[in-house]
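These notes are about the structure you will find just below.
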Amino acid sequence: PSSPPVGTPVPANKAASNPPRPTAAFMPMRSPSAPPNTPPRPMPAAAPSARAPQYSANPPKPDNKRKYAIFAGAGAAVVVVAVVLFLVLNSANGGSGGDQTAQSPGTQPTTGHTTPKSGESSATNAPAGLGKTVPESKITDFGAAGRALTAFYDNPAGGWSKLTPAAQQVYGSEQAFADYWANNKVTDYASARADSGGSNSDGSITMNLTVNGTRNGYRIVMSGGQMLIDADTRLGPQGAAGSGY
């Protein structure tokens, strides 16, 4: 068709009498209706979670009991070692000391005078005052002095009173004196002689007598109104102990 002349108004387009219906593909989506107002449900309490183990940078220290146990064990070990060493050393010493004899705990050493056997030297253990008893007077009768000496050896067990206190102390006691002469016998003796000087400057006399084959000098002094022997009267050699010089 030919276009209308310029200036001719154009009529508006008519709306379609039947607008197009939306198809299912173009159905508008309705927002769901809001639910009615309901109170909020309480949230269940959260279960406590297990606490994670904590680790320390430093290792745990042992307790005091463990320390004490360690120290006690170490001390016991030291004691055991010391005992073993002691036993070993003691055993070694016991093997080398063959001349030494051990005493049992129940055996106690006895004290007292040891009775010497016949022929044993009697110059040992002599009292300091032996041969130094001061005479009351000077002895001039040599024969009486010799008889006083031989009378002792005629019966030594009964001659305790024929000795000065210093001569008695040689035996220790009267009982020890009796025990000595019970175990030692005089078999023979010769005549007493003053052939080694006789009278001494202090008034005493030294008489020489051979008993059981041994010759000794015996100092005789006047004491208490009688002649007493101031010398070691045990059997055996006396040396200078009998004379006191």
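Positions 56 to 300 (the working numbering) are the ones given, in order, by the sequence shown. Where a beta carbon is used, it is the ideal one built from N, C-alpha and C, also for glycine.
C-beta atoms of residue i and residue j nearer than 7 Å
i	j	result
residue 293	residue 263	no
residue 277	residue 182	no
residue 226	residue 266	no
residue 258	residue 193	yes
residue 260	residue 284	no
residue 242	residue 219	no
Supposed contact pair residue j and residue i - C-beta distance, whole angstroms, cut 8 Å
i	j	result
residue 221	residue 184	4 Å
residue 212	residue 237	7 Å
residue 247	residue 186	Between residue 186 and residue 247 the Cβ distance is about 17 Å, and since that is not below 8 Å, they are no contact.
residue 203	residue 217	7 Å
residue 290	residue 239	5 Å
residue 223	residue 215	7 Å
Residue i at chain D interface by Cβ criterion, 7 Å
i	result
residue 194	In the structure shown, chain D cannot be found, because there is only a single protein chain.
Helix, strand or coil at residue i according to DSSP, with G and I counted as helix
i	result
residue 258	coil
residue 271	strand
residue 143	helix
residue 123	helix
residue 204	helix
residue 231	helix
residue 238	helix
residue 211	helix
residue 224	coil
residue 130	helix
residue 199	helix
residue 290	coil
DSSP beta-bridge partners of residue i
i	result
residue 194	Answer is none; residue 194 lacks a bridge partner.
residue 276	283
residue 188	BP columns for residue 188 are empty, so no partner.
residue 135	Beta-bridge pairing links residue 135 to no other residue.
residue 264	271
residue 248	263
residue 15	Outside the shown range of the chain (56 to 300) lies residue 15, about which nothing can therefore be said.
Answer yes if the segment 240-256 comes into contact with the segment 195-203, meaning at least three C-beta pairs across the two stretches below 8 Å, and no otherwise.
-> The segment 195-203, when compared against the segment 240-256, does touch it at the 8 Å Cβ threshold.
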